[in-house]
Amino acid sequence: MRIETGHLGKNTQRLTYPIGQSNQTFKTAIDLNACSGILILMDNTAQHPIRQVSNPPNPWHSHAMEYLGPPPKTQLELYEDHSRSILTRNDSPDVPFTFSVNPYRGCYHGCSYCYARNGHSYLDFGTGTDFDRKILYKPEAAALLRKAFDKPSWQGDQVVFSGVTDCYQPIEASLEKTRECLMVCREYRNPVGIITRSALIERDIPILQDLASIGACSVVLSIPFDDPQHARAIEPHAPTPARRFRTIERLHEAGIPVGVNVAPIIPGLNDQAIPTILKKAREAGASHAGMILLRLPGQVHDVFLARLKHAFPDRAARVMNQLALCRGGQKNDSRFGHRMRGSGPRWEIIKTMYETWTQRLGYGDSPATPSPSPFRRPGPEQITLF
29 MRIETGHLGK NTQRLTYPIG QSNQTFKTAI DLNACSGILI LMDNTAQHPI RQVSNPPNPW
89 HSHAMEYLGP PPKTQLELYE DHSRSILTRN DSPDVPFTFS VNPYRGCYHG CSYCYARNGH
149 SYLDFGTGTD FDRKILYKPE AAALLRKAFD KPSWQGDQVV FSGVTDCYQP IEASLEKTRE
209 CLMVCREYRN PVGIITRSAL IERDIPILQD LASIGACSVV LSIPFDDPQH ARAIEPHAPT
269 PARRFRTIER LHEAGIPVGV NVAPIIPGLN DQAIPTILKK AREAGASHAG MILLRLPGQV
329 HDVFLARLKH AFPDRAARVM NQLALCRGGQ KNDSRFGHRM RGSGPRWEII KTMYETWTQR
389 LGYGDSPATP SPSPFRRPGP EQITLF
């Protein structure tokens, strides 16, 4: 392992881990299997191939890089993010929550459709493999959250984890920034919502159970595919669909309200799997469901299209045409109130199928945030609450 000064600021450290290199520090720091049966990181001997560096040109740069030979292999790089706050306030009418917590920026899962990719370009990175392998983490995340909760203006609103990138991506197994933040939420009895694709959440079931006991916790598993090969092609380093269904089952058995998000819907690729996903999730214990149409803002379009053409060369054009039919002839619609859903006859077919199956399977509404909030700042009289 080598430690270098990164270019995000003079107080930023970059930790570079060459994937596949025989390095004991690398394996100790990253390859911790904190939850049985979960592959934390891959190397040259692992199941998935190592990808080569590939990024669309950064729109904020005055130049573009082109390799004269084969691009280098990707490597995991960790950057410390010394942001002065941890809570993000959302003002979009499309998002059903106001505050989110994001301990990480960038995501090892590598989902080609992730709308958060564009944010990496503001950090002087690329939106392709840089987003997948140049991960920022907030070392003081828990302290920043505690500071926010201690402000007199804080009223105990629900905070949602993974409003941007997955808070349970593989690096969380060793850094535990999400876990530390959840422990602060438990201490303050602050309501929590979690959106994830990862089975690593099972590690924190005891904390989530404590929060659920006062109605202050709900979880959603995102499962856009039932076919494991399709999932591996589009979201290459996320757990398999079967593993995510198992996570729903374990959360349900632990008494934690859990739902499923069939997202994103990619017309012509996974919309036919909606009934199967809803059925398997319901059998596993999901009580509520949601769906979101594929969004391709900015350079996300380029990353997704490249992955789609590579994995499904015979279907790529049809998929993009089907998406345009759901977007009024466009590949993306960034308007508030429109960006999460489609319009037109093609979208109505998808919407009707989804609504028919959610009703048939008995899905209910998402759990309501408790009112009044159970939020309490810790004091001597509350030490024994949990």
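Under the working numbering, the sequence shown is numbered contiguously, ending at residue 414.
In this text, a Cβ means the ideal position worked out from N, Cα and C, and glycines have one as well.
Enclosing alpha helix (DSSP H) for residue i [first to last residue]
i	result
C213	K205 to Y216
A282	Premise fails: A282 is in no alpha helix (DSSP H) and is neither H nor E.
G296	Per DSSP, G296 belongs to no alpha helix (DSSP H) and is neither H nor E.
H316	Where H316 is concerned, there is no enclosing alpha helix (DSSP H), although the beta strand (DSSP E) it sits in stretches over H316 to L321.
V129	Careful: V129 lies outside any alpha helix (DSSP H), inside the beta strand (DSSP E) at F127 to V129.
K337	V328 to A339
R367	Looking at the DSSP string, R367 is not in any alpha helix (DSSP H), and its letter there is neither H nor E.
S149	N146 to S149
R416	In the structure as shown, the chain begins at 29 and stops at 414. Residue 416 is therefore absent and cannot be evaluated.
Residue i (DSSP reduced to helix, strand or coil)
i	result
T116	strand
N349	helix
S246	strand
N360	coil
E168	coil
A396	coil
Q197	coil
R174	helix
R310	helix
Y141	coil
A291	strand
R133	strand
Residue i versus residue j - alpha carbon distance
i	j	result
A266	D238	27 Å
G407	P167	26 Å
P85	C142	17 Å
T397	A345	42 Å
P99	F177	46 Å
A312	G318	16 Å
L106	M381	42 Å
D158	G134	8 Å
A74	Q103	Here the model assigns A74 a pLDDT of 37, short of 50, so the residue's position is not dependable and the matter cannot be decided.
G283	C195	21 Å
A62	L228	Any reading at A62 must be qualified, since the residue scores a pLDDT of 31, below 50, and its modelled position is unreliable; the value itself is stated next. Their backbone Cα atoms lie some 8 Å apart in a straight line.
S111	T224	23 Å
A314	G221	15 Å
Q327	G287	30 Å
G28	R343	Outside the shown range of the chain (29 to 414) lies residue 28, about which nothing can therefore be said.
G365	L324	16 Å
H316	R117	25 Å
D71	C139	Residue placement at D71 is flagged as unreliable, the pLDDT there being 36, under the threshold of 50; the coordinate-derived value follows with that caveat. Using only the alpha carbons, I get a separation of about 18 Å.
S128	N349	34 Å
I377	A352	14 Å
I218	R404	The sequence as given places Asn at residue 218; Ile does not occur at that position. If you take the alpha carbons of N218 and R404, they lie about 7 Å apart.
H89	T275	42 Å
S226	D232	12 Å
P198	P131	13 Å
T155	G147	8 Å
G392	P87	43 Å
S113	P341	44 Å
L322	I294	6 Å
N-terminal and C-terminal residue of the beta strand (DSSP E) that residue i is part of
i	result
V188	V187 to F189
I251	Unbroken run through I251: none, as it is neither H nor E.
T224	V220 to T224
I235	Premise fails: I235 lies in the alpha helix (DSSP H), I233 to A240, not in any beta strand (DSSP E).
R379	The question names Arg, but residue 379 in the sequence shown is Lys. K379 -> not in any beta strand (DSSP E); alpha helix (DSSP H) instead, spanning P373 to L389.
S181	Unbroken run through S181: none, as it is neither H nor E.
E105	L104 to E108
Buried or exposed by the 16-neighbour rule on C-beta atoms within 10 Å, applied to residue i
i	result
Q186	buried
R388	exposed
S120	exposed
E383	exposed
H91	exposed
H338	exposed
H137	buried
E94	exposed
W375	buried
P395	buried
I411	Reliability fails at I411, whose pLDDT of 49 lies under 50, so the model's placement of it is uncertain and no value is given.
T56	Reliability fails at T56, whose pLDDT of 27 lies under 50, so the model's placement of it is uncertain and no value is given.
V212	buried
S190	buried
P269	buried
beta-carbon residue i near the ligand ADP non-hydrogen atom, thresh 7 Å
i	result
A259	Ligands in the displayed structure: none, and consequently the ligand ADP is not present.
| field | Touch test, the segment 160-172 against the segment 291-298, Cβ-Cβ under 8 Å, three pairs minimum | value | no
| If you pair each beta-carbon of the segment 303-313 with each one of the segment 246-261, do three or more pairs fall below 8 Å? | yes
| said: Closer than 8 Å is the cut-off here; do at least three beta carbon pairs connect the segment 144-153 with the segment 205-214? | reply: no
| task | Examine the Cβ distances between the segment 268-285 and the segment 350-363 and report whether three or more of them are shorter than 8 Å. | result | no
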